[in-house]
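**Q** Attaching a single structure in structure tokens format; questions to follow.
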Amino acid sequence: MFSPVVVVLLVLVIPLIAIAVAFFSSVRKGSAGAVTDERADLDPESRSIYSATRKLRDEITALADSAGTGSAVSFVAQESRHEADRVAEQVRKTLVVRQQLKKLLHGRSQLEIDRARLERQRNETGSAAERESIENALAANQTEFAHYQEIETQLGELDAAVRRAEAGLAELRARLAVGMSRDATAGSGSDDLRESLANLRALTISVDEAQALARDSVPSGDQR
């Protein structure tokens, strides 16, 4: 088992290693070999949200790189690295869908203005025929407004899914750090890590479901 001093140093040094590799992990090779930023299709708000996931993934990668080979913990550490990469990519795609949904909300303000105008016209008109026409327009307006409310609900579900993914990565990072500080032959660190991996894989199913449901609201021409 590592000494307390080694454990403290590990906790302090790993974030620094993660910062050092952050630049390299934030770029990917394109199909033609060109270097591309993994955040290229994210807007500023999405990049800000994604930064927490990216930081956790980089720290897990740094831990896995320092795990060495030949022990149960080192083997699970490599599994953790691959799972962290997969979850980070899933979060990135979720944020792409999220920003597409937010674009659809841009018309909501005009819809509210139109509704106020129609209600004012309905109150002012003395014509039964005109009133009926206005009522029909208000009904259509309400139907469209309900669609915007549904989008708001889906945005909330996507935000919750991203937070769950971040929490899962944070748990995995913490258990990986602890597992590496224990005697690998004891096996307990490996067992804890496998439990975290199982939890993270189960959790990401709900992220997939939330993303799929939200994507149905995005016009096919806007999907990537």
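Each residue of the sequence shown is one higher than the one before, counting from 54 in the numbering used here. We put the CB at the ideal spot given by N, CA and C, even for glycine. What you are looking at is a predicted structure, and each value in this text was computed from that prediction instead of being measured.
State the start and end residues of the unbroken alpha helix (DSSP H) segment that holds H135.
**A** Note, H135: alpha helix (DSSP H), A125 to L157.
**Q** Determine the DSSP secondary structure at T114, reduced to helix, strand or coil.
**A** The answer is helix: DSSP assigns T114 an H, G or I state.
**Q** Please classify E136 as buried or exposed, where buried requires at least 16 neighbouring CB atoms within 10 angstroms.
**A** With 16 or more other Cβ atoms within 10 Å, it is buried.
**Q** One question on the structure: do L95 and R145 come within less than 8 Å of each other, judged by their Cβ atoms?
**A** Cβ atoms of L95 and R145: closer than 8 Å.
**Q** Which residues in the same chain have their Cβ closer than 6 Å to the Cβ of R151, if we skip the five residues on either side of it in sequence?
**A** These residues qualify, in order along the chain: L211.
**Q** Could you name the residues of the same chain whose beta carbon sits closer than 7 Å to that of R134, not counting the 5 residues immediately before and after it, in chain order?
**A** Only I113, T114 and A117 meet the Cβ criterion.
**Q** To the nearest angstrom, how far is it from the Cα of A218 to the Cα of G232?
**A** Whole-angstrom Cα-Cα distance: 21 Å.
**Q** Mind checking R170: buried by the 16 CB within 10 Å criterion, or exposed?
**A** Result: exposed.
**Q** Check whether the Cβ atoms of L164 and Y201 sit closer than 8 Å, and answer yes or no.
**A** Taking 8 Å as the Cβ cut-off, L164 and Y201 qualify as a contacting pair.
**Q** Could you tell me how far apart the beta carbons of L222 and L109 are, in whole angstroms, since I believe they sit closer than 8 Å?
**A** Yes, L222 and L109 are in contact; Cβ-Cβ is about 4 Å, under 8 Å.
**Q** So, is F76 buried or exposed, given that buried needs 16 or more other C-beta atoms within 10 angstroms?
**A** Note that F76 scores a pLDDT of 43, beneath 50, so its modelled location is shaky and nothing firm can be said.
**Q** Take A141 and list the residues in its own chain whose beta-carbon comes closer than 6 Å to its own, dropping the five residues that flank it on each side.
**A** Closer than 6 Å at the Cβ level, and outside the excluded window around A141, lie T106 and R110.
**Q** DSSP three-state call for D244: helix, strand or coil?
**A** Correct three-state label for D244: helix.
**Q** Using DSSP with H/G/I as helix, E/B as strand and the rest coil, what is G121?
**A** In this structure, G121 counts as coil in the three-state DSSP scheme.
**Q** How far does the alpha helix (DSSP H) with G232 in it extend, from its first residue to its last?
**A** Taken as a continuous stretch (DSSP letters only), the alpha helix (DSSP H) holding G232 covers A181 to M233.
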